[in-house]
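> One structure coming up, written as structure tokens, with questions to follow.
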Amino acid sequence: MLSSSLPDDTWIWQTRPNPYVAVRREGINLHFFGMDDYDPAQSYSTCVIVVVDTGGLFEAFAAGMRSVRGKLLISGIPRMTRPRLRNDRYTGFTVVDPGGNWIRITRATAEPEARTTLAAALENAARQADSHGDERQGLKILEGALTRASGDEPEYQAVREYRDELVERITGTESRP
180 MLSSSLPDDT WIWQTRPNPY VAVRREGINL HFFGMDDYDP AQSYSTCVIV VVDTGGLFEA
240 FAAGMRSVRG KLLISGIPRM TRPRLRNDRY TGFTVVDPGG NWIRITRATA EPEARTTLAA
300 ALENAARQAD SHGDERQGLK ILEGALTRAS GDEPEYQAVR EYRDELVERI TGTESRP
């Protein structure tokens, strides 16, 4: 099942003598090992991958997840976030794999973009919800920003969409056993 959710490139999978998987796509190589009694929900493992275009990689990962899971999972483990503006002028997304590893895919911008209050709120909410796993704080930030917004800001629709995603992530998490 894991192999069918990975992008079509190169992968190695073994269970003996030690659990191990390696994945290669273009210039990205990821290697993982297994541990007895490991709880993915308690994982603090993370890595950052910097790519030229996050969109193509996101679509490949999302297609793999949809083929195995039937939809793009945005809460629980595994899950993915959609690409959006991040702290320090990066755009990217996060994949939390079945082992609880946070794989952060980013792209650096050539120069800083104009900054609006709503753009800053979106960055702060993404940092809280996606980087720190605090969806409730991210939602609180966005709801406050939307209350003060005029609706004419270029980021307005993106903020509303992310707010809706956070609501779904929170309610999806609460309904789990």
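Residues 180 to 356, numbered by the numbering used here, are exactly what the sequence shown covers, in order. Glycine is no exception: its CB is placed at the ideal position from the N, C-alpha and C atoms.
#1: Using DSSP's beta-bridge definition, name the partner residues of residue 201.
#2: Please go through the same chain and pick out, in chain order, the residues whose beta-carbon is closer than 8 Å to the beta-carbon of residue 259, but skip the five residues on each side of it.
#3: Since residue 296 and residue 337 are thought to touch, with beta carbons under 8 Å apart, how far apart are those beta carbons, to the nearest angstrom?
#4: For the candidate residues 277, 333, 344 and 194, whose alpha-carbon lies nearest to that of residue 322?
#5: Have a look at residue 312 and residue 211 and give me their C-alpha separation to the nearest angstrom.
#6: What does the alpha-carbon distance come out to for the pair residue 320 and residue 334?
#7: Go through its chain and collect everything with a Cβ distance to residue 317's Cβ below 6 Å, but skip five positions before and after it.
#8: Is any beta-carbon of chain B found at less than 8 Å from that of residue 315?
#9: Identify which residue in 331, 327, 301 and 330 has its Cα closest to the Cα of residue 342.
#10: Anyone know if the C-beta pair for residue 226 and residue 282 falls short of 8 Å?
#11: Pull the bridge partners of residue 440 from the DSSP assignment, please.
#12: Within its chain, find whatever has a CB closer than 6 Å to the CB of residue 351; leave out the 5 residues flanking it on each side and keep chain order.
#13: From the DSSP output, read off the bridge partner residues of residue 153.
#14: Label residue 294 either buried or exposed according to how many other C-beta atoms from any shown protein chain fall within 10 Å of its C-beta, with 16 as the threshold for buried.
#15: Just to confirm my understanding: we take residue 355, look at its own chain, exclude 5 residues before and 5 after, and list those with CB closer than 6 Å. What are they?
#16: What residue range is occupied by the uninterrupted alpha helix (DSSP H) comprising residue 243?
This is what the structure gives:
#1: Per DSSP, 191 and 210.
#2: Excluding residues within five positions, the ones whose Cβ falls inside 8 Å are 237, 240, 241, 244, 251, 252, 253, 272, 273, 274 and 275.
#3: Not really, about 14 Å apart at Cβ, beyond 8 Å.
#4: When each option's Cα is compared against that of residue 322, the closest is 344.
#5: When rounded, the distance between both Cα atoms is 22 Å.
#6: Looking at the two C-alpha atoms, the distance is approximately 14 Å.
#7: Excluding positions up to five away in sequence, the list reads 304, 307, 308 and 345.
#8: Among the chains of the structure shown, chain B does not appear; only one protein chain is present.
#9: Closest by alpha carbon: 301.
#10: Taking 8 Å as the Cβ cut-off, residue 226 and residue 282 qualify as a contacting pair.
#11: This structure does not reach residue 440, given that the chain is present from 180 up to 356, and the question cannot be answered.
#12: Within the same chain, Cβ atoms closer than 6 Å to the Cβ of residue 351 are found at 254, the five residues on either side in sequence being excluded.
#13: Since the displayed the chain opens at 180 and closes at 356, residue 153 lies outside it and no answer follows.
#14: Per the 10 Å Cβ criterion, exposed.
#15: Low local confidence applies: a pLDDT of 44 at residue 355 is under 50, so the model's placement there is unreliable, with the coordinate-based value given in what follows. Within the same chain, and ignoring the five residues on either side of residue 355 in sequence, no residue has its Cβ closer than 6 Å to its Cβ.
#16: Note, residue 243: alpha helix (DSSP H), 233 to 248.
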